[in-house]
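Residue numbers 1 to 326, in full-length UniProt numbering, belong to the letters of the sequence shown in order.
We treat Cβ as the ideally placed atom computed from N, Cα and C, and that holds for glycine.
In this text, all values refer to a predicted model and were calculated from it rather than measured experimentally.
Worksheet: the structure to be examined is printed underneath.
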Amino acid sequence: MKNFQIIKALSSSSAVASITKDTSVMFIAGGTNLVDLMKKNVVAPDKLIDINALDLKKIEFLNGKVSIGALAKNSQVAEDQSIKEKLPLLALALAAGASQQIRHMATVGGNMLQRTRCPYFYNTDMPCNKRVPKSGCGAIGGTNRMAAVFGTSDSCIAVHPSDMCVALAALDATVLVEGPKGKRQINFTDFHRLPGNTPEKDNTLEIRELITSIEIPDNNFTKNVHYLKVRDRSSYAFALVSVAVALELKNNVISNAKLAMGGVAHKPWRLTETEDFLKGKTASEDIFKQAGKLGMKGARGYGDNDFKLTLGANAITEALTIAASK
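As structure tokens, this is what we get:
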């Protein structure tokens, strides 16, 4: 890790202004991912802007929505009683992520911005288009057990590792950001990018923009929800496949459904076609099996990760079954 300077920001505007003046600067809050990347020399900023003093830690229940500050800790959100009651899917997803120690340090904004855990990205001796554009993708034709099956390109087959983001995608969240051009809002499903020809771009943030909060609209998904995370071990492991499910049921008929997957794409993967299929259907084993197959339509394996095609369908079916049974 090379030497760097650290500067403490006291306001969002001063933090943004610091980045504006010097583009070799990065924001740091919990640092649970950024510090790892710096140790591996994957990133090497000259300066870090410490944003922990900013007033962006609040969880507020406003008229028609919930607002969560970008500096709220993952554990703070997961353990908030009102979040558990009104947004249980989000609480479940956060509790499934990382270890308890990391959740006490990691922030909501940092969780959204974490980089892929692809081994080729972390190993600076190996080719990786995300780390060094045009250098090649070692995972294609290499070790790719954790790799994506949706939305891939010839440049990259890495996956986004967040659990929290899968739930936020399912819950129609909005990202609020601030930059030198002012404030703007981004639909959560538009925030992360697919790799295409520019896999080094993880999201649609402009270089000098700062995430200030996320907002989640009020909903009726307070009972029939489930977050299923399939992983190699039950302690601190990233998802092979995960599924976030939120259902509205009346007399066992599905009036509304929200589904998203993790561990399968460069971004949280929303299953809108499957949602439409489920609406108006009576909850049953057969319907959920059909939904599982439909959810994996268009998926493509790369050898080591071919098992995800079957695992994904089964995980969707299981998550729906558990959610409907509550």
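Helix, strand or coil at residue i according to DSSP, with G and I counted as helix
i, result
"Phe150", "coil"
"Met1", "coil"
"residue 345", "In the structure displayed, the chain extends from 1 to 326; residue 345 sits before or after that span and is not available."
"Met112", "helix"
"Lys297", "coil"
"Asp55", "coil"
"Ala17", "helix"
"Asp306", "coil"
"Lys289", "helix"
"Cys137", "coil"
"Thr32", "coil"
"Ser67", "strand"
Limits of the unbroken beta strand (DSSP E) element including residue i
i, result
"Lys183", "Gly182 to Asn187"
"Lys258", "Val253 to Gly262"
"Thr222", "Unbroken run through Thr222: none, as it is neither H nor E."
"Leu176", "Thr174 to Gly179"
Presumed contact (8 Å Cβ cut-off) between residue i and residue j, rounded CB distance
i, j, result
"Leu168", "Phe188", "5 Å"
"Leu94", "Val77", "6 Å"
"Leu311", "Leu240", "7 Å"
"Lys279", "Ile254", "6 Å"
"Asn224", "Leu247", "4 Å"
"Ser242", "Lys258", "In fact, because the Cβ distance is near 14 Å, the residues do not count as touching under 8 Å."
"Pro20", "Arg208", "Contrary to the premise, residue 20 reads as Thr rather than Pro in this sequence. Sure, about 5 Å apart at Cβ, within 8 Å."
"Glu215", "Val66", "7 Å"
Beta-carbon proximity list for residue i, same chain, < 8 Å, skipping 5 on both sides
i, result
"Arg193", "Lys201, Asp202, Asn203, Thr204, His266 and Lys267"
"Met105", "Gly30, Gly31, Thr32 and Lys73"
"Lys297", "Glu273"
"Gln100", "Ser75"
"Leu71", "Ala29, Ile51, Asn52, Leu54, Leu56, Lys57, Thr107, Val108 and Gly109"
Close beta carbons around residue i, own chain, < 6 Å, minus the five adjacent residues each side
i, result
"Arg270", "Ala169, Thr189 and Ala260"
"residue 328", "As displayed, the chain neither begins before 1 nor continues past 326, which places residue 328 out of reach and without an answer."
"Ile102", "Thr32"
Range covered by the alpha helix (DSSP H) that runs through residue i
i, result
"Phe61", "Looking at the DSSP string, Phe61 is not in any alpha helix (DSSP H); the run it does join, the beta strand (DSSP E), is Ile59 to Leu62."
"Asp276", "Thr272 to Leu278"
"Leu205", "Unbroken run through Leu205: none, as it is neither H nor E."
Contacting residues, own chain, Cβ-Cβ under 7 Å from residue i (five flanking each side not counted)
i, result
"Ala237", "Arg231"
Residue i beta carbon near the ligand MN (any heavy atom closer than 7 Å)
i, result
"Val66", "Looking for the ligand MN in the displayed structure turns up nothing, as the structure carries no ligands at all."
> What runs of the alpha helix (DSSP H), each 4 residues or longer, lie entirely inside the region 69-134?
Replying inline: When DSSP assignments are scanned along the region 69-134, the uninterrupted stretches of alpha helix (DSSP H) that are 4 or more residues long and fall wholly within it turn out to be 74-79, 81-86, 88-96, 100-105, 108-113 and 119-122.
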